[in-house]
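Numbering (the UniProt record's numbering), first residue to last: 1 to 256.
Don't be surprised by glycine CBs; every beta carbon is placed ideally from N, CA and C.
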């Protein structure tokens, strides 16, 4: 009979070691969660499904988000560390990735989950205002601007473009700046409005300081855009300045 390959004792030992290295990668089961963590996660999910977000404080809502990113560890300490550092659930979600990674325990998986939730929230809020008349969706518009801009750590300038029926046809970020300044070019704003065949504009920018009180530069820039827009028969409806917890309307304040 033909004989199979022969291995010396030393060769057999090396072969067994190689097998041991290969087998765990293919067949080893991930360690199970301790029962107290499994039970805690099940209770949180159940409370959320029954009572919604109002049934959970910020740290527990954050735990729910972190469950997917860190499936094999208690995430309660990390949730509390994030809230202690950033202040609230919304600020955690909107924090820049580089600042999130300053927190021990935050890696790529956690950053990705947080940014997915943030992007989903923005998209949902945006869907409530885009292609809808502002008369019937003004509160939703303010909610969207707050969600998208209130927690940004640098200034951002957006323009909402409206048609003749005051339906929002486009929402575009025009510029990003520094913590207290964003460059805006009135000619470019009006040119884009003409490209979109827009009949009216709403300007929006945020103040990372949290105080929405307009600066002299804000007032001057708004006047320049209004003048340029009127020359092309385009109406400037309002300029909203978004702070941390409230917004300011130029029109309501008599600045337009």
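Rounded distance between the beta-carbons of residue j and residue i, thought under 8 Å
i: residue 172; j: residue 190; result: Not a contact, Cβ separation roughly 13 Å.
i: residue 145; j: residue 235; result: Between residue 235 and residue 145 the Cβ distance is about 19 Å, and since that is not below 8 Å, they are no contact.
i: residue 240; j: residue 202; result: 7 Å
Residue i to residue j span [Cα, whole Å]
i: residue 52; j: residue 65; result: 14 Å
i: residue 210; j: residue 38; result: 40 Å
i: residue 113; j: residue 95; result: 13 Å
i: residue 155; j: residue 208; result: 6 Å
i: residue 47; j: residue 93; result: 22 Å
i: residue 120; j: residue 254; result: 35 Å
i: residue 79; j: residue 54; result: 17 Å
i: residue 50; j: residue 115; result: 25 Å
i: residue 250; j: residue 238; result: 6 Å
i: residue 98; j: residue 75; result: 20 Å
i: residue 213; j: residue 242; result: 9 Å
i: residue 72; j: residue 122; result: 29 Å
i: residue 186; j: residue 224; result: 6 Å
i: residue 199; j: residue 131; result: 14 Å
i: residue 63; j: residue 40; result: 10 Å
i: residue 42; j: residue 67; result: 11 Å
i: residue 86; j: residue 218; result: 28 Å
Test item: CB-CB of residue i and residue j under 7 Å
i: residue 196; j: residue 216; result: no
i: residue 247; j: residue 142; result: yes
i: residue 125; j: residue 147; result: yes
i: residue 133; j: residue 166; result: yes
i: residue 69; j: residue 110; result: yes
i: residue 135; j: residue 168; result: no
i: residue 193; j: residue 157; result: no
i: residue 232; j: residue 184; result: no
i: residue 103; j: residue 81; result: yes
i: residue 108; j: residue 88; result: no
i: residue 60; j: residue 44; result: yes
### Query
What are the complete alpha helix (DSSP H) segments, minimum 4 residues, inside the stretch 29-107?
35-51, 58-69, 76-86, 89-94 and 97-100, all fully within the stretch 29-107.
### Message
Report the start-end ranges of each beta strand (DSSP E) in the UniProt domain "MPN" (134-256) that is 3 residues or longer and not cut off at the edges.
### Response
Correct list: 156-162, 168-176, 200-206, 235-242 and 247-249.
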